[in-house]
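To keep things clear, I will list the structure first and then write my remarks on it.
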Amino acid sequence: MRQEVRIGGFGGQGVIMTGIVIGKAASLFDGKNAVQTQSYGPEARGGASKTEVVISDEPIDYPKVQAPDIFIAMSQTALMKYKDDLKEEGILIIDPDLVNEDDIADFVADKKIKLFRAPATRTATDVIGLRVVANIVMMGAIVKATGVVSVEAAKEAILDSVPKGTEDKNIQAFEAGYGLIE
Amino acid sequence: MRQEVRIGGFGGQGVIMTGIVIGKAASLFDGKNAVQTQSYGPEARGGASKTEVVISDEPIDYPKVQAPDIFIAMSQTALMKYKDDLKEEGILIIDPDLVNEDDIADFVADKKIKLFRAPATRTATDVIGLRVVANIVMMGAIVKATGVVSVEAAKEAILDSVPKGTEDKNIQAFEAGYGLIE
Amino acid sequence: MVEERFVLGNEACALGAIAAGCRFFAGYPITPSTEIAENMSVLLPKNGGSFVQMEDEIASAGAIIGASWSGVKSMTATSGPGISLMQENIGYGVITETPIVIINVQRGSPSTGQPTMSSQSDMMQARWGSHGDYETIALSPSSVQEFFDFTIKAFNLAEEYRVPVLVMSDEVVGHMREKLIIPDSVDIVKRVRPELEEGEQYLPYDAPENGVTPMPAFGDGFNVHVTGLTHDKRGYPDTNDAETHTDLVERLCDKILKNKDKICSYKEEFCDDAEIVVVSYGSPYRSVLTAVKEAREEGIKVGSLKIDTPWPFPDEEISKLAENATDFIMPEMNLGQMVHELERVAGKDANVHLIGKIGGVLHTPEEILEKIKEVASKKED
Amino acid sequence: MVEERFVLGNEACALGAIAAGCRFFAGYPITPSTEIAENMSVLLPKNGGSFVQMEDEIASAGAIIGASWSGVKSMTATSGPGISLMQENIGYGVITETPIVIINVQRGSPSTGQPTMSSQSDMMQARWGSHGDYETIALSPSSVQEFFDFTIKAFNLAEEYRVPVLVMSDEVVGHMREKLIIPDSVDIVKRVRPELEEGEQYLPYDAPENGVTPMPAFGDGFNVHVTGLTHDKRGYPDTNDAETHTDLVERLCDKILKNKDKICSYKEEFCDDAEIVVVSYGSPYRSVLTAVKEAREEGIKVGSLKIDTPWPFPDEEISKLAENATDFIMPEMNLGQMVHELERVAGKDANVHLIGKIGGVLHTPEEILEKIKEVASKKED
Amino acid sequence: MNIIDSMLCKGCDICISVCPKDVYAKSKEVNSKDVYVPYPANQEACVKCGLCEISCPDQALYVDREVE
Amino acid sequence: MNIIDSMLCKGCDICISVCPKDVYAKSKEVNSKDVYVPYPANQEACVKCGLCEISCPDQALYVDREVE
Amino acid sequence: MAVKENPYKKYLREDRLPHIFCPGCGNGIVMNAFFKGLEGSDVDFDNVSMVSGIGCSSRIPGYVKCDSLHTTHGRALSFATGLKVGNPNQDVVVFTGDGDAASIGGNHLIHAARRNIDLTVICINNNIYGMTGGQISPTSPKGSFGTTAPYGSRDVPFDLASLVTAAGASYVARWTTAHPMQLAKAITKGLENKGFSFIEAVSQCPTYYGRKNKLKTPVLGMDYLKANSVTKRRSEKMSEEELIGKIIVGEFANRPHKELCDNEEDLVNENYDGGLAIKSAFWEEF
Amino acid sequence: MAVKENPYKKYLREDRLPHIFCPGCGNGIVMNAFFKGLEGSDVDFDNVSMVSGIGCSSRIPGYVKCDSLHTTHGRALSFATGLKVGNPNQDVVVFTGDGDAASIGGNHLIHAARRNIDLTVICINNNIYGMTGGQISPTSPKGSFGTTAPYGSRDVPFDLASLVTAAGASYVARWTTAHPMQLAKAITKGLENKGFSFIEAVSQCPTYYGRKNKLKTPVLGMDYLKANSVTKRRSEKMSEEELIGKIIVGEFANRPHKELCDNEEDLVNENYDGGLAIKSAFWEEF
Ligand SMILES: Cc1ncc(C[n+]2csc(CCOP(=O)(O)OP(=O)(O)O)c2C)c(N)n1
Ligand SMILES: Cc1ncc(C[n+]2csc(CCOP(=O)(O)OP(=O)(O)O)c2C)c(N)n1
Ligand code: SF4
Ligand code: SF4
Ligand code: SF4
Ligand code: SF4
Ligand code: SF4
Ligand code: SF4
Ligand SMILES: [Mg+2]
Ligand SMILES: [Mg+2]
């Protein structure tokens, strides 16, 4: 099965890294195939940041996301800019502290979107005490809400990606994120 | 009728200019067509210098000399280097002071070459008192010996080509050269 | 008053440029094109124009584009290595639709190769040398007179279509002297400023039907932004939008492709009943005519198509000839370049024969005649 | 030990270069190729090699040629404007028969164009971009793994034929991350010094049968003179002799043309009974396979020919396919470039259809499928 | 009142840093671009030197020089 | 005897000019390349300073340093 | 009544704002200093044409409401040479970056300086390639990090102002974004100098140079520039060691001499009585 | 017994003599000075590789019995950079001309100087483009004539030695063909300097520069060089006017500092224990 994931936020949130970690988890540790891409160019400057991952059991031919099954929005700008082609009944995960839910009420209803809220930034700051791990917190939420990658693969991919010495904090963050979704 | 002329000598003798003046005489003042070409590149450095002129009543298609009807050699090097493809019964004009006639005796005989001697450099120095007009002296000899261009056209072309103030000397040189050939 | 001179091809080119209204030349010496720069350095100050010897060919190409936007017609001239260096800025000239003329006096190549020998081996580079999709206009003179005439024509085409135009000459034509007839006046295409209706917003890249927008000079008050980035009708960069890019690049190509019939120029001789057509451009043409005439005398139905504008390639004319002709012969001073175009257009209907020749020496009439005879005799089999 | 990584295409390229034995990289940053330089700057010092950021792309191309003659395998990477600037030195690499690898991660063009968008619009430039006659070897990867593999292959071909080899990648492949499998050892072609019989005079350009002469390093004591001028078998300039030039340039071309069967690489899928063949190279291939499979499900006899080496173009294979196929479809991220080759080879026997697409977005499988269906339905008419 | 155009401000805080009179402070509200736009918390202190205006990279800042 | 290789000499006269001892003079005979090759007309004056050798652009000139 | 907007905004194409520069990028400050410098000079904004190469800094002319030529990387001065010689009546201002001017464009820079062509060149030196994502440039300080200097740069950087002085420019100055008023004044002088004027504006790139070199915020970047600047005069009393890592600010050259366009005009006047063929592409006849 | 031939001839490829240079061209003298300088240095001729661009002067390496790379116009230093960094054990000598080095190649020149790469560059400055037939070059004196300066050059020429000094070279000197012994000595120093060494050899081109500028014979050309040279020391006491048209000869810089290949080697040693991959293209394995 082919699954298309999109993550959007603003520069500095580690959005791209989340995409890479998901891709790595799927392709190196879950035995699937994955292609990760991201936005380049002026639009990627300062403001909005975006990454996309395609995951599949089969070899992946067309490598780009055409209409995501899953969209994670970590900022209001990203939410509004990138939401439109989310699939009917797709999954949308938002950081409720950074986006204005009112603006998407109709969208969610019309498209029968499965909406999840994961206050990743707040959790990172308050629970882990490290704002920069917000993306890993969100990773936990993504894994729980979507199951695109397994928990084990996710953890291995995180350990493979974060700086030495920060492993524990990151696993903690992942688990805190995992716990954010009921 | 197509006539092919080649002139060779060493750098500084004004060989190229002679070619240009002949071409000019034919095309601008004799109402014929002419194409003048010359050697470029390393071989044109310091040492040997060469120019070729094709003259014809018809439009000239192929612009290069394939086998000259007329060859004027103003140095030994040029003579030996460029003589070989002179046509049977072609005209060869040499400056006898600058070339070694012995070296071409066989050649002249075998090919039934019409050989003319024009001591242009000596004439320029001794008669005109200006070494640099040796090429114009030779021009006179060429016109007399070959008739490729008319005397009038030759003179007009010379006047059109030489620096202001030197016209008289050059015409004198031309005539001296004309007189060198019986 | 008509004037007659006996001049070098390269000098004729410079005289043509001046006659066409060229008043800026930037260049860097290189054999066998150098005499063009040298003549321009003499002529321009005498005609109110400027000559700048730049530090290299990249700068030369840049300077003439800058000069064109200042409102003067401009040109550079180079050969082999120099034209390779200009490729980036040629692409810039294309995308910014800057009228400029670039002379390439072709020499033996690749690399430094044979600086003083002739060739036609940059013909495909003229079409494909810069990165990206684009179309080219290129003219190839075969005589001193044509070098003068085609240089003027190049300026006119550059202005008419707002494109860089290449004159693809070669060492033979550049370095020979012939009679040049300079008419007392020549037809030149002058540049026309945009005209705005009252209150109309100025859109410097909003092209009319023919794809060519009028062009102001810097300082005319239009405040135009000129960029090598993909840009919208306002001239503003818009680099991530597929449609903007497609519209722009297709229009740039269509300016030339859709006006092919107006741009293409060629000369047919003995073609009416020709079963064999010798197609040539540039200096080899000189040997073609002799060969064709001689072959005709021997009863071979052969004609000559002499192409003035190798780019855009005259597809239509060739197709028409291919209705009668069974064989095309193309002499080129390369290992086969424009012959690819000939094959593309005529290959389905006729046999295409290349006479490729490198090393710097022009094809002789005999070589071409021989090929004509060979092809004719095969036909008889 | 086989290693698996999840990396960017551009990083895979750098890893491939290291695996192939590349120990010198000179480059100048340009989107979307920059990550190759960045990765080489990290990797080279860890492997005994050197990374030099040069002042521009001209210098980069020059430096890798210099380095190659010093005896190390060398590479540069660039895009669009940068590759245009390298054209002169690429020609120098060709005539001096210097093994080097040049990566072009293609972007939207012409000119500065769309720096962050994808394209395949430098394919013809790869063949014709430098002045003069020459032949090219170019590879086009369609995946991260292929970018690694083809970079190694590029080094091997460069050494085997003593030529500059281009890897014509594109932004899609350069900028996506996929799993890369790094084998514990790769086959590499090592350079071999000339071996002289006793008393034999050393002729650095006296080529054996296959046209490729062994190559010493500077400092090995062979006292070789390397020049971009036309040179004789001793390597000495001989620029006015037609024969020397013809021999040299023809040999340079023949090295590639006569070894086509060894150089060309491609992959056929579903071609055995194919009436329609989709021919692709580089990233569009990714959409081709999906489309072909779907069309097959709908009963259309369509196959895929995926070309790894657009240059030299696999004439023979295409001709073979054209015996059965009536139609060829070629998706390209340009306005039609390699399709000219396809037309040249297959055009007489089959219909050739281009799906040209510019603007930076990859063809979707749907677009290709649609074309397949359209062609299939026309065939039924 | 000195005015900051919240459509243009990118929240770099340079104005806060360069003002010799500490006129500006960061606001608590983000604008539509996720930016915390400064405001003249200490307007009275402004001596109209213009340093903030010339140092604002986004031409977002206006110093009110009118005499009220 | 200082020797001038007439196969190499191009007749530039630099040796004549640079020699502090006026050793060289122009010969009256042209060589095969139309060049008047100098000769050491004044060999005895030579102090073996080597200036002519290093100044001969064509590596045509040899200064005899052997003690006879 | 004047509009209540930033005083430099009126020079900009409003339909393109906000510009693409990252938050706190020094480019915007240099733009302001340029407008201020222009206002202080005898140059009329309506007579200004701008030229640039490629880079973040080179994007500036595209935002200014005047004729502008955004050219190829490193080549701005070549284009500007043609533009200016073609019509010397314009005031031509070139914006460029350290990579654009000093790396790929170094040759055009020294040649334009040698010819002393009447251009005002504002080089925004942020010690990095911003546009392409943070590679080192020929002005990156020894020991600084960039994406292509993962182990720290080992090269000695160019002293651009000195190099351009040695190449022959008639006016040369260097200031930083932390000295906007002085920068503006230098630009005024540059605009008024009839000859080649080179103003180096050392600037912060928080996004790339900052991120790699512990100057992550714009404010840290500007504070660094301020703290490490020494005036030319003071620097002359300092030893080479003391000067390591310092930014010497002030005027490096101010020695007017004949410039290229004047030379060209002389040539025309000596050989022709019709004067310069300005905008002749639009003429009816020749 | 030694052969009775010119002492510098043994370094040359005899099968290529006589070389293509015009009678009396300074190129041959600079070649001799190079061989003499080499003999006086600690460098072994067998360890020398040569590189050049395009021009008459750039033809020199092709005549020398060693490995040589005759590259593209202006780019010699780029090629030399790769050649030297690829195998720092070689002594790499670059021959170039004023056009090659300072016109089209100016950028590579200042960058090579900045990197202080260990090359010895001998620039034969004949103030003209010889190979292409006498066009002016960036070093042509103001007022001199060339085929592209029919009315006399109006530009101020580069002072190459000073420019290269400003760019960062560690050894810089200038002499003329009329000072062959001093030139040889400077070349010795340049060869021994571990860093970028630039030796400018001002030279005569009788064929083109001479013909256009009343210095038709080689001897006139050399006499002119001799008469118009002033030593660096003396020049420092002369006014700018007095120096017009003068050739300042002597040493311009001699300040050794860390060079590029050493920096590269440091990086390898810090990150790898296998040492530099010299001639690795020939290795069996990696
Ligand atoms: C020929 C060419 N090479 C490389 C590039 C890629 N490129 C674009 S901008 C740039 C560097 C810009 O640096 P700088 O001039 O310092 O500008 P900044 O972005 O730092 O302001 C490079 C290398 C290009 N556009 N063209
Ligand atoms: C890219 C390129 N442009 C131009 C030329 C033509 N060209 C060859 S040598 C030369 C000038 C050489 O001048 P210089 O370096 O001073 O050498 P000289 O001949 O005076 O010794 C030029 C312009 C070339 N070969 N390549
Ligand atoms: S004008 Fe000066 S004092 Fe007033 S806010 Fe701005 S910087 Fe502060
Ligand atoms: S300086 Fe300008 S952009 Fe920066 S925070 Fe202040 S108002 Fe906003
Ligand atoms: S060695 Fe000295 S003295 Fe003897 S001939 Fe030569 S220059 Fe004259
Ligand atoms: S210096 Fe050499 S080449 Fe010149 S005349 Fe003397 S021997 Fe002959
Ligand atoms: S990348 Fe750097 S230079 Fe470019 S806009 Fe951002 S901060 Fe400015
Ligand atoms: S043209 Fe000048 S530089 Fe070239 S070889 Fe002749 S004299 Fe020497
Ligand atoms: Mg920068
Ligand atoms: Mg020179």
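Chains as they are written, first to last, in my numbering: chain A, 1 to 182; chain B, 1001 to 1182; chain C, 2001 to 2381; chain D, 3001 to 3381; chain E, 4001 to 4068; chain F, 5001 to 5068; chain G, 6001 to 6286; chain H, 7001 to 7286. Even for Gly, the Cβ is constructed at its ideal location relative to N, Cα and C.
When burial is assigned at 16 or more other CB atoms within 10 Å of the CB, is D:Gln3201 buried or exposed? Exposed, because fewer than 16 other Cβ atoms sit within 10 Å of the Cβ of D:Gln3201.
If you check the beta carbons only, do B:Thr1007 and B:Thr1051 fall under 7 Å apart? This sequence places Ile at residue 1007 of chain B; Thr is not what is there. For B:Ile1007 and B:Thr1051, yes; Cβs fall inside 7 Å.
Within the present structure, is the beta-carbon of H:Tyr7208 separated from the nearest heavy atom of ligand 8 by less than 6 Å? Answer for H:Tyr7208: yes, Cβ within range of ligand 8.
Buried versus exposed call for D:Thr3135 [16 or more other C-beta atoms within 10 Å across all chains shown]: A quick correction: the sequence has Glu, not Thr, at residue 3135 of chain D. It counts as buried.
Within the same chain, show all residues whose beta-carbon is closer than 8 Å to that of G:Thr6231, passing over the 5 residues directly before and after it, in chain order. Ile6248, Val6249 and Gly6250
Per DSSP, A:Gly9 is paired with what? A:Ser49
Indicate, with yes or no, if ligand 1 has a heavy atom lying under 6 Å from the CB of D:Gly3299. no
Just by C-beta distance, which residues in the stretch 3037-3052 of chain D are closer than 7 Å to chain G? Ala3037, Glu3038, Ser3041, Val3042 and Pro3045
Could you list which residues in chain B have their beta carbon closer than 8 Å to that of C:Leu2362, in chain order? Tyr1062, Pro1063 and Lys1064
Could you please give me the residues that DSSP links to C:Pro2237 through a beta bridge? C:His2231
DSSP state of C:Gly2356 mapped onto helix, strand, coil: Looking at C:Gly2356 - three-state DSSP - the assignment turns out to be strand.
Considering B:Ile983, what are the terminal residues of the alpha helix (DSSP H) in which it resides? This structure gives no information on residue 983 of chain B, because the portion of chain B shown stretches from 1001 to 1182.
Under 7 Å Cβ to Cβ from H:Asp7046, same chain only, skipping five residues before and after it: list those, please. none
Through-space distance from C:Gly2235 to C:Leu2203, alpha-carbon basis: 7 Å
Quick check: what's the CA-CA separation for G:Gly6040 versus G:Thr6120? 15 Å
Nonlocal neighbours in the same chain, by C-beta distance under 8 Å from C:Gly2219, ignoring five residues either side: Ser2070 and Gly2071
Given 6 Å as the limit, tell me if H:Cys6985 has its C-beta closer than that to any heavy atom belonging to ligand 8. Residue 6985 of chain H lies beyond the residue range present for chain H, which begins at 7001 and ends at 7286; the question has no answer from this structure.
C:Gly2174 and C:Asn2010: beta carbons closer than 7 Å? Note that the C-beta distance between C:Gly2174 and C:Asn2010 is below 7 Å.
Could you check whether the stretch 3254-3266 of chain D touches the stretch 3313-3321 of chain D, counting it as contact only if at least three pairs of C-beta atoms, one from each stretch, sit closer than 8 Å? yes
Candidates C:Ile2065, C:Arg2127 and C:Ser2377, of which the one nearest C:Ile2100 by Cα: C:Ile2065
Can you find at least 3 beta carbon pairs, one from the stretch 6124-6134 of chain G and one from the stretch 6109-6116 of chain G, that sit closer than 8 Å? no
Does the stretch 6051-6061 of chain G touch the stretch 2051-2063 of chain C, meaning 3 or more C-beta pairs lie closer than 8 Å? Touching, no, given that fewer than three Cβ pairs across the two stretches are closer than 8 Å.
Starting from D:Trp3128 and walking both ways along the alpha helix (DSSP H), at which residues does that stretch end? Met3123 to Trp3128
Which of helix, strand or coil does DSSP assign to C:Glu2382? Examination of residue 2382 of chain C is not possible in this model, given that chain C is present from 2001 through 2381 alone.
G:Glu6200, enclosing beta strand (DSSP E) - first and last residue: Ser6197 to Val6202
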